[in-house]
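Heads up, the thing below is written out as structure tokens.
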Amino acid sequence: RCRMRVFVGIGVIVLGAAALALALLSQSGLPLIRADEGSHDFIASFYSSTGIALMAAGAVTAVRNLHYLRSPESRRKKEVYETDERNRLIGLRCWAYSGYAMFLLLYAGVLAAGFMSMTAAKVLLTVIALYAALLLIFRILLQRSM
7 RCRMRVFVGI
17 GVIVLGAAAL
27 ALALLSQSGL
37 PLIRADEGSH
47 DFIASFYSST
57 GIALMAAGAV
67 TAVRNLHYLR
77 SPESRRKKEV
87 YETDERNRLI
97 GLRCWAYSGY
107 AMFLLLYAGV
117 LAAGFMSMTA
127 AKVLLTVIAL
137 YAALLLIFRI
147 LLQRSM
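Using the numbering used here, read the sequence shown as starting at 7 and increasing by one per residue.
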């Protein structure tokens, strides 16, 4: 698990570097983004801050898991923590509750967006439809595998 997380951390660093490179390319004047000036500045700052944050998160993930690989005592503690049934149950319930809450918040957003912008309402409806489809697909896959 730790080796896989190191590779995932490196992948996240690469994605962050790509986002940062896009931000720098958009600032160089190349016509990559077709938008008015205000949104162009927002998009460039969004990509640069997201890229920096992804690079930092990937580095922390990789370094932390390298530490676990090098220290047998830390690795054993982490393994016990991750395989403990109580912690796993808490994690599963957390994902379930946050998933239900997200579904309800998206639905409330659709109701509110209908009064403000049909484009926003359609985008939120699409997100809700994709979310519901993913829930259904994962339920079917898990029922077959268990």
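All residues carry an ideal CB built from backbone N, CA and C; glycine is no exception.
Bear in mind the structure is a predicted one, so any value in this text is a computation, not a measurement.
In the three-state reduction of the DSSP assignment, M152 falls in the coil class, being assigned neither a helical nor a strand state. Just so you know, the alpha carbons of T125 and A119 end up roughly 8 Å apart. Taking a C-beta distance under 9 Å as the contact criterion, R7 and E88 qualify as a contact pair. Put simply, the backbone Cα of V18 is about 38 Å away from that of F121.
For S123, there is no enclosing alpha helix (DSSP H), as DSSP gives it neither H nor E. For S104, the three-state secondary structure derived from DSSP is helix. Secondary structure note for R11: its alpha helix (DSSP H) is the uninterrupted segment C8 to Q33.
With contact defined as three or more Cβ pairs closer than 8 Å, the stretch 128 to 138 and the stretch 108 to 115 are in contact. In the assembly as shown, G22 is a buried residue. Its beta-carbon has 16 or more other beta-carbons within 10 Å. In this structure, G15 and A68 form a Cβ contact; the two beta carbons are roughly 3 Å apart against a cut-off of 8 Å.
Nearest to M61 by C-alpha distance, out of R76, D47, S151 and V20, is V20.
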